[in-house]
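Numbering-wise (the numbering used here), the sequence shown opens with residue 455 and increments by one.
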Amino acid sequence: MKESPIHVIDSDVLIIGSGIAGLRAALEVTRKGKRPLLISKSVTGKSNNTTRSGGAFTCSTPQWSPDNHLRETLEAGRMLNDRSLVERLVTRAPSLIQEFVDMGMFATQRKTGVSFRRSTLLGGPEITSTLTRKCLEAGIQTMERILVTDLIVSDGRCHGALGFDKRTGEVYGFHSGAILLATGGAGAIYSQHDNVPGAVGDGYVLAMRAGLELIDMEFVQFYPLVFSGSRNRSMILPAVFADIGIIRNRFGEDLKMKYNLHERPIAIMSRDRLSQAFFKEIAAGNGVNGAMLLDMRGSEERLIDLGGLTTESRELFRRKFSYDSKPIMITPASHFTMGGIPIDLFGRTALGGLFAAGEVAGGIHGANRMGGNALSEGLVFGVIGARSAVEYADSESRSADFQDLCRMAAEKRVTPLGGESQTSSNVPLLMRELRDILWKRIGIVRNELSLKEGLEKIDDILERLSTQRSVISGDLYRIMECISAALTSRAVAISALERTESRGAHFRDDFPEENDQWLKHVHVKMVGEVPRVSRIIPVPDVEE
Ligand SMILES: Cc1cc2nc3c(=O)[nH]c(=O)nc-3n(C[C@H](O)[C@H](O)[C@H](O)COP(=O)(O)OP(=O)(O)OC[C@H]3O[C@@H](n4cnc5c(N)ncnc54)[C@H](O)[C@@H]3O)c2cc1C
455 MKESPIHVID SDVLIIGSGI AGLRAALEVT RKGKRPLLIS KSVTGKSNNT TRSGGAFTCS
515 TPQWSPDNHL RETLEAGRML NDRSLVERLV TRAPSLIQEF VDMGMFATQR KTGVSFRRST
575 LLGGPEITST LTRKCLEAGI QTMERILVTD LIVSDGRCHG ALGFDKRTGE VYGFHSGAIL
635 LATGGAGAIY SQHDNVPGAV GDGYVLAMRA GLELIDMEFV QFYPLVFSGS RNRSMILPAV
695 FADIGIIRNR FGEDLKMKYN LHERPIAIMS RDRLSQAFFK EIAAGNGVNG AMLLDMRGSE
755 ERLIDLGGLT TESRELFRRK FSYDSKPIMI TPASHFTMGG IPIDLFGRTA LGGLFAAGEV
815 AGGIHGANRM GGNALSEGLV FGVIGARSAV EYADSESRSA DFQDLCRMAA EKRVTPLGGE
875 SQTSSNVPLL MRELRDILWK RIGIVRNELS LKEGLEKIDD ILERLSTQRS VISGDLYRIM
935 ECISAALTSR AVAISALERT ESRGAHFRDD FPEENDQWLK HVHVKMVGEV PRVSRIIPVP
995 DVEE
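Structure representation (structure tokens):
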């Protein structure tokens, strides 16, 4: 891509990302009487993980108190959660979820919360389409297919962002009173994943390049029940299927018995152990085409008895997977990133003017996430971050030399990669290689050797990426996404290597036990061009 003029666009609050956190935040900014600008690298409200989600929100219900919600969330996070953030989550979630009901969304009560799912398998599309419609009705300005490459920082605060249009290559400087990052997670850095392909951790890299630390990046959640057939690849199955069906390897062994998995719902309560069991079986060659077999034949009555699925959903699953006539092929897949940018109770990051919400933020889930807490988190901290961003934008002055700052950022990041010397034709191959390394060496089961080997290979890929050039904006976009994926992968690998224990979703077979000495957070930050471990900080003592 050639050097091009930078178009500067002004707003009160810039929101990067249009999943649940970004969409809800944009609405909140308008409710406070300010002008948000909502930008995303996908189409607004589409191709994000919110759209892929099942639509289950965890919150207190008449039968399940905020204390239950707090306790279970801390238990899942193995006490690494930031307790004050969790307290905020459990107190604020119910009223914000009620707003969805008031918007006319179809809600089903669950014991531990609410599901917004009608006759489809997923509730996500309905959530994002309703929120997107509300944003359009409110006249919110949106821009789509814009890849943000840098946050613009000077004098210790964030003034906006730099990005370019994937289709035209035009470069934009987004000047704003405050910035909210809602860029989601990085599940798609693994070869087996159920995320949208663009979920490669751009937001983590933007934050690290702006000088911020990330925490808890070793904690990646894997979901055990992902359909591995050629059609519907990466479609997740409801947790109840694992309780009702028999899960076997190719020798017919019953894996729930073999691995002593007795808790129910197994895919919620023993999500990690089930994923680890599958990984071990597949690695040992006990899979069928690299998958386990879930046999649901003859279990229709139990499926009805246990509830949780509407008649329409059951019918849809039957049509898609023929589960009543043959076993379903399942594998675990990377699903959610627990780590991220530390935020405080007001959604503030350590950088003035920069706020974060949703999966990109870290600290709430600790070592593992309780099912249904991600959407609740996006809502609660989307609203909190938006309110704080509005206050900040009101109180602080704007940078006078924004255009110059953008030009310098573009010269550093966008223009050099746009040189004409080489093509980027092998970037998709590099991305595939990276994902494969992550899956095999930095995945569900890790150890010192696998992590060191993985790290070496990631560094080699980063080296090879540094020579990639393209004049075509679409290619440049792919190079940048691959760099984000590789840098995020490095942050995961070095954090996992540092943590010499197993906790939550992080399982090391050379340190298989949880160790109280490790009630600590691993922090990473960018040193030069790569992430390195910066600090290891004990979890503060909290009075019950
Ligand atoms: C299959 C599946 C099912 C799930 N089911 C549930 C569930 O039922 N309940 C639950 O609580 N959680 C669920 N989750 C998790 C939950 O869906 C996500 O954690 C949540 O939706 C994340 O929302 P978000 O707003 O933070 O990010 P996302 O919804 O992922 O949105 C990220 C946005 O950032 C944009 N973006 C990223 N990088 C850039 C960049 N560089 N420049 C510009 N824009 C950028 C993207 O285009 C996108 O618009 C599920 C996840 C998956 C994958």
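For every residue, glycine included, the Cβ atom is placed at its ideal position computed from N, Cα and C.
Given the structure is predicted, the values throughout are model-derived calculations rather than measurements.
Quiz item: Mapping DSSP to helix, strand and coil, what is residue 515?
Solution: Position 61 of the sequence shown holds residue 515. Note: residue 515 maps to strand in three-state DSSP.
Practice problem: Return the CA-CA distance between residue 656 and residue 476, expressed in angstroms with no decimal places. | Solution: Taking the sequence shown and counting its residues from 1, the one referred to as residue 656 is at position 202. Taking the sequence shown and counting its residues from 1, the one referred to as residue 476 is at position 22. Cα to Cα, the separation comes out at about 15 Å.
Quiz item: residue 554: beta carbon under 7 Å from a heavy atom of ligand 1?
Solution: In the sequence shown, counting from the first residue as 1, residue 554 sits at position 100. Distances between the C-beta of residue 554 and the heavy atoms of ligand 1 are all 7 Å or more.
Exercise. State the CB to CB distance for the pair residue 581 and residue 812, rounded to an integer number of angstroms; the pair is presumed to be in contact (CB under 8 Å).
Key: Taking the sequence shown and counting its residues from 1, the one referred to as residue 581 is at position 127. Taking the sequence shown and counting its residues from 1, the one referred to as residue 812 is at position 358. Incorrect: roughly 13 Å between the Cβ atoms, too far for contact.
Quiz item: What residue from 588, 614, 978 and 933 has the CA that sits closest to residue 885's CA?
Solution: The residue labelled residue 885 in the question sits at position 431 within the sequence shown. If we check each option's Cα against that of residue 885, 933 comes out closest.
Quiz item: Regarding residue 866 and ligand 1, is the C-beta to nearest heavy atom distance less than 7 Å?
Solution: Residue mapping note: residue 866 aligns to position 412 of the sequence shown, counting from 1. Every heavy atom of ligand 1 is 7 Å or more from the Cβ of residue 866, so no.
Quiz item: Would DSSP call residue 692 helix, strand or coil?
Solution: By one-based count along the sequence shown, residue 692 stands at place 238. If DSSP states are grouped into helix, strand and coil, residue 692 belongs with coil.
Quiz item: Can you give the beta carbon distance from residue 749 to residue 700, rounded, assuming they're within the 8 Å contact cut?
Solution: Locating residue 749 in the sequence shown gives position 295, where the first residue counts as 1. Locating residue 700 in the sequence shown gives position 246, where the first residue counts as 1. Yes, they are in contact, since the Cβ atoms of residue 749 and residue 700 sit about 5 Å apart, within 8 Å.
Quiz prompt | Residues of its chain near residue 1055, where Cβ-Cβ distance is below 8 Å and the 5 sequence neighbours each way are ignored | solution = Because the chain spans 455 through 998 in this model, residue 1055 falls outside it and cannot be assessed.
Exercise. Throw me the rounded Cβ distance for the residue 958 and residue 820 pair, which I believe falls under 8 Å.
Key: Position 504 of the sequence shown, counted from the start, is the residue given in the question as residue 958. Position 366 of the sequence shown, counted from the start, is the residue given in the question as residue 820. Right, the Cβ-Cβ distance comes to about 7 Å (below 8 Å), so this counts as a contact.
Quiz item: Roughly how far, in whole angstroms, is the beta-carbon of residue 508 from the beta-carbon of residue 806, given that I think they are within contact range, below 8 Å?
Solution: Working through the sequence shown from its first residue, we reach residue 508 at position 54. Working through the sequence shown from its first residue, we reach residue 806 at position 352. In fact, because the Cβ distance is near 37 Å, the residues do not count as touching under 8 Å.
Quiz item: Are the segment 787-795 and the segment 762-770 touching, with three or more C-beta to C-beta distances below 8 Å?
Solution: no
Exercise. Report the partner residues of residue 790 according to the DSSP bridge assignment.
Key: For the purposes of this step, residue 790 is taken as the residue at position 336 of the sequence shown. Answer by DSSP bridge pairing, in chain order: 675.
Quiz item: For residue 592 versus residue 484, is the C-beta distance shorter than 8 Å?
Solution: By 1-based counting over the sequence shown, the position of residue 592 is 138. By 1-based counting over the sequence shown, the position of residue 484 is 30. Result yes, Cβ atoms of residue 592 and residue 484 sit closer than 8 Å.
Quiz prompt | Between the CA atoms of residue 607 and residue 998 - distance to the nearest angstrom | solution = Working through the sequence shown from its first residue, we reach residue 998 at position 544. Working through the sequence shown from its first residue, we reach residue 607 at position 153. In this prediction, residue 998 has a pLDDT of 48, which is less than 50 and means its spatial position is unreliable; nothing more can be read from the coordinates.
Self-check item: N- and C-terminal bounds of the beta strand (DSSP E) containing residue 564
Solution: Taking the first residue of the sequence shown as 1, we reach residue 564 at position 110. Note, residue 564: beta strand (DSSP E), 562-564.
Quiz prompt | For residue 465 and residue 853, the rounded distance between their alpha carbons | solution = The residue you call residue 853 lines up with position 399 of the sequence shown. The residue you call residue 465 lines up with position 11 of the sequence shown. Approximately 13 Å, taken between the alpha carbons.
Quiz item: If we call anything under 8 Å between Cβ atoms a contact, is residue 463 one with residue 490?
Solution: The count along the sequence shown starts at 1 and reaches residue 463 at position 9. The count along the sequence shown starts at 1 and reaches residue 490 at position 36. Not a contact, by the Cβ cut-off of 8 Å.
Quiz item: Straight-line CA distance for residue 499 to residue 478?
Solution: Within the sequence shown, the letter at position 45 stands for residue 499. Within the sequence shown, the letter at position 24 stands for residue 478. Residue 499 and residue 478: Cα-Cα distance of roughly 11 Å.
Quiz item: Just how far apart, CA to CA, sit residue 845 and residue 675?
Solution: Along the sequence shown, read from residue 1 onward, the residue named residue 845 stands at position 391. Along the sequence shown, read from residue 1 onward, the residue named residue 675 stands at position 221. Answer to the nearest angstrom: the Cα atoms are 34 Å apart.
Quiz item: Counting along the chain, where does the beta strand (DSSP E) carrying residue 1024 start and finish?
Solution: In this structure the chain extends from 455 to 998, so residue 1024 is not present and cannot be described.
Quiz item: Taking buried to mean at least 16 other C-beta atoms within 10 Å of its own C-beta, is residue 1006 buried or exposed?
Solution: What the structure shows of the chain is the stretch from 455 to 998, and residue 1006 is not part of that stretch, so it cannot be assessed.
Quiz prompt | Check whether residue 882 and residue 944 have beta carbons under 8 Å apart | solution = Along the sequence shown, read from residue 1 onward, the residue named residue 882 stands at position 428. Along the sequence shown, read from residue 1 onward, the residue named residue 944 stands at position 490. No, Cβ-Cβ distance for residue 882 and residue 944 is not below 8 Å.
Practice problem: Go through its chain and collect everything with a Cβ distance to residue 815's Cβ below 7 Å, but skip five positions before and after it. | Solution: As a first step, residue 815 must be located in the sequence shown, where it is residue number 361. Here residue 815 has 794, 795, 797 and 835 as same chain residues with Cβ atoms under 7 Å from its own Cβ, once five neighbours each way along the sequence are excluded.
Quiz item: Run through DSSP, which three-state label would residue 732 get?
Solution: As a working mapping, residue 732 is identified with position 278 in the sequence shown. Helix.
Exercise. Report yes if the C-beta of residue 661 is less than 7 Å from at least one heavy atom of ligand 1; otherwise report no.
Key: Position 207 of the sequence shown, counted from the first residue, corresponds to residue 661. Because no heavy atom of ligand 1 lies under 7 Å away, the Cβ of residue 661 does not count as near it: no.
Exercise. Return the chain-ordered ranges of every beta strand (DSSP E) run that is complete within the segment 712-758 and spans a minimum of 3 residues.
Key: Here the runs fully enclosed are 746-749.
Quiz item: Among the residues of its own chain, which have a CB less than 7 Å from the CB of residue 939, if the five just before and after it don't count?
Solution: As a first step, residue 939 must be located in the sequence shown, where it is residue number 485. Closer than 7 Å at Cβ, skipping near neighbours: 643, 654, 655, 885 and 888.
Quiz item: Taking only runs of the beta strand (DSSP E) that begin and end inside the segment 522-592, which ones reach a length of at least 3 residues, in chain order?
Solution: Scanning the segment 522-592 from its first residue to its last, the whole beta strand (DSSP E) runs of 3-plus residues come out as 562-564 and 567-569.
Exercise. For the alpha helix (DSSP H) holding residue 830, just list the boundary residues, first then last.
Key: Counting from 1 along the sequence shown, the entry for residue 830 is found at position 376. Where residue 830 is concerned, the enclosing alpha helix (DSSP H) stretches over 827-849.
Practice problem: Please indicate yes or no: does the CB of residue 653 lie closer than 7 Å to some heavy atom of ligand 2? | Solution: For the structure depicted, ligand 2 is absent and the ligand set comprises only ligand 1.
Quiz item: So, do the segment 620-628 and the segment 921-936 have three or more beta carbon pairs nearer to each other than 8 Å?
Solution: yes
Self-check item: Segment limits, beta strand (DSSP E) that includes residue 986
Solution: Counting from one through the sequence shown, the residue named residue 986 turns up at place 532. Where residue 986 is concerned, the enclosing beta strand (DSSP E) stretches over 984-992.
Quiz item: Got a sec? Which residues, its chain only, sit under 8 Å from residue 719 by beta carbon, not counting five neighbours each side?
Solution: Counting from one through the sequence shown, the residue named residue 719 turns up at place 265. Cβ neighbours of residue 719 beyond the five flanking positions: 693, 694, 696 and 697.
Practice problem: Run the CB neighbour count on residue 707, radius 10 Å, all protein chains shown included, and call it buried at 16 or more, exposed below. | Solution: Here residue 707 is taken as the residue at index 253 of the sequence shown, counted from 1. It counts as exposed.
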